[in-house]
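Here my numbering = 1-based position in the sequence shown + 1234.
Have a look at the structure below before the remarks.
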Amino acid sequence: MPDRVLVTGIGAITPIGVGRRAFWSGAQDGRQGVRAIDRFDASPFRSRIAGQVDAFDPTDFLGRRQAQRSERFSQFSVAAAQLALDDAGLSPAGDDGDFGVWIGSALGGVAFAEVQCRNYFEGGLKAVNPMLALSVFGASSCCNVAIHFGLHGPTIANSDSCAAGAVAIGEAFRAVRDRTCRIAVAGGAEAPLAPLTFGAFDVIRSMSTRNDDPPTASRPFDAGRDGFVMSEAACLLILEREADAVARGARPYAEIAGYALTNDGAHMTAPREDGREAARAMMLAMREAGVRHGEVDHINAHGSSTPLNDAVESRAIRALFGEAADRIVVSGTKGMTGHALGATGAMEAALCVLGIKDGIVVPTVNLESPGADCDLRYSQAVPAKLEQKVVLSNSFGFGGLNAALVFRAA
């Protein structure tokens, strides 16, 4: 029988709180982390709002020199790894290959590259950060984490768009279960807030234009939703086999029991309208976990706040669960955090396992009147007490990607 894999540590850098306690408290309170952008001049864009991480100083986690030599999404990654290791009560000192690192990011260091490109055209080559070549590739976050903590196990980066964080956790889960490594540091990191990267999504009209009231702009499943709100964040989990966790006296949050990844195979931005492949991802993850439809208590939805995606996800859940969908509580967290692209699935995984441990479903903030095409039992505007034995978490992304994770009470 395969080893059970437990989540024993959480490190979070988010617009609603830095650190596990602050993040969880903010989510329960329905804290809204979206506001007008002040990181750059957003006046040329139709959307001028974002979820920005303010309470973060990289020198709290990195030496001043290292902080200056690394870009923001790697800073986030190292900081989240430190917080997760501390939360798990682990020290990787003397690691002999037992620790692996899996970090997903949709855009990696692209925002940093944009800044350096501007520096080049304004000041020539001498104005370019000498760490540019080592900062833009997608694995730079994983490598920085491995180097900072002296880790010698597998180091794997993925860029599965907005599903990247969930994919990283799912792949790490299987590696730990199958004994490729003993402990995994896994999740997602994203720091996309720069003019060109932000503008790329503005051009395709995928982002909300509720600039007059930023906190209410991201509205998962609401009739008035008009697009997602971009944000920055990082969240990493510690995964380890049950026997190892018990042997060292760890206090697990929950078990990760299943994972699946499918592709719509249809369009780069629009999901299949029938939701077939999204439903199949959920079904396959449940099958791997040995979970039946009637055992799922809560679904953390991708809930991006775009008109098409929320409708398709609701349709997929209804198609898979049928009448049982009326019993399952569905939550969407992006009304609080915004959409942190590749980091989102990891943030939401953390909220799932915290919710299992504490018996709480966080609110679906800004959901005032569900759209006619959104007919599920969505969580309310306040946190709800709910014993949860099984939770399903969805993360979907451009390119037709559909990832699903299943968590179970430990």
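The beta carbon of each residue, even a glycine, is placed where N, CA and C say it ideally should be.
For clarity, every value in this text was computed on a predicted model and none was experimentally measured.
> Who are the near neighbours of A1553 in its chain, counting only those whose CB is closer than 8 Å to its CB and skipping five residues on each side?
Replying inline: D1508, G1509, R1510 and A1513
> Within this structure, are the beta carbons of G1422 and C1469 separated by less than 8 Å?
Replying inline: yes
> Where does the unbroken beta strand (DSSP E) through Y1493 begin, and where does it stop?
Replying inline: A1488 to N1497
> By a C-beta neighbour count over all protein chains shown, 10 Å radius and 16 as the cutoff for buried, is V1563 buried or exposed?
Replying inline: buried
> Under 8 Å, do N1636 and A1515 count as touching if we go by C-beta distance?
Replying inline: yes
> Which ranges does the beta strand (DSSP E) cover as unbroken runs of at least 3 residues, wholly within the region 1281-1352, from first to last along the chain?
Replying inline: 1283-1285 and 1333-1338
>> Suppose the cutoff is 6 Å on Cβ atoms and the five residues either side in sequence are ignored; what does the same chain contact list for V1344 look like?
In response: T1431
> So, are the CB atoms of V1287 and A1467 less than 8 Å apart?
Replying inline: yes
> Alpha carbon to alpha carbon, what distance is there between I1337 and S1440?
Replying inline: 25 Å
> What separation, rounded to the nearest whole angstrom, lies between the Cα atoms of V1268 and S1442?
Replying inline: 11 Å
> Is it true that the CB of A1340 sits closer than 8 Å to the CB of E1405?
Replying inline: no
> Starting from R1552 and walking both ways along the alpha helix (DSSP H), at which residues does that stretch end?
Replying inline: P1541 to F1555
> Helix, strand or coil: which one does DSSP assign to I1438?
Replying inline: coil
>> According to DSSP, is P1603 part of a helix, a strand, or is it coil?
In response: Note that residue 1603 is Ser in the sequence shown, not Pro. DSSP places S1603 in coil when its eight states are reduced to three.
> Just curious, the beta strand (DSSP E) that V1624 is in, first and last residue?
Replying inline: V1624 to G1631
> Does the count of Cβ pairs from the region 1380-1393 and the region 1444-1457 closer than 8 Å reach three?
Replying inline: no
> Between Q1302, G1334 and A1397, which lies nearest to G1631 when the distance is taken from Cα to Cα?
Replying inline: A1397
> Would you report the Cα separation of S1603 and D1456, rounded to the nearest angstrom?
Replying inline: 5 Å
> Residue range of the alpha helix (DSSP H) that T1571 falls in?
Replying inline: K1568 to T1571
> Which whole-angstrom value is the C-beta distance of K1591 and Y1487, which I expect to be below 8 Å?
Replying inline: 5 Å
> For the beta strand (DSSP E) that G1404 lies in, which residues bound it at each end?
Replying inline: G1404 -> not in any beta strand (DSSP E); alpha helix (DSSP H) instead, spanning A1398 to R1411.
>> I'd like to confirm the pairing. Which residues does DSSP put opposite H1532 in its beta bridges?
In response: V1563 and V1625
> So the alpha helix (DSSP H) E1476 belongs to, where does it begin and stop?
Replying inline: E1476 to A1481
> Between V1599 and M1570, which are expected to be in contact by the criterion C-beta below 8 Å, what is the C-beta distance as a whole number of angstroms?
Replying inline: 5 Å
> For M1517, which option in R1453, G1323 and L1495 has the closest C-alpha, if you only look at C-alpha atoms?
Replying inline: L1495
> Is the Cβ-Cβ distance between A1284 and I1271 less than 8 Å?
Replying inline: yes
> Which whole-angstrom value is the C-beta distance of V1335 and L1368, which I expect to be below 8 Å?
Replying inline: Actually they do not touch by this definition, with Cβ atoms about 16 Å apart.
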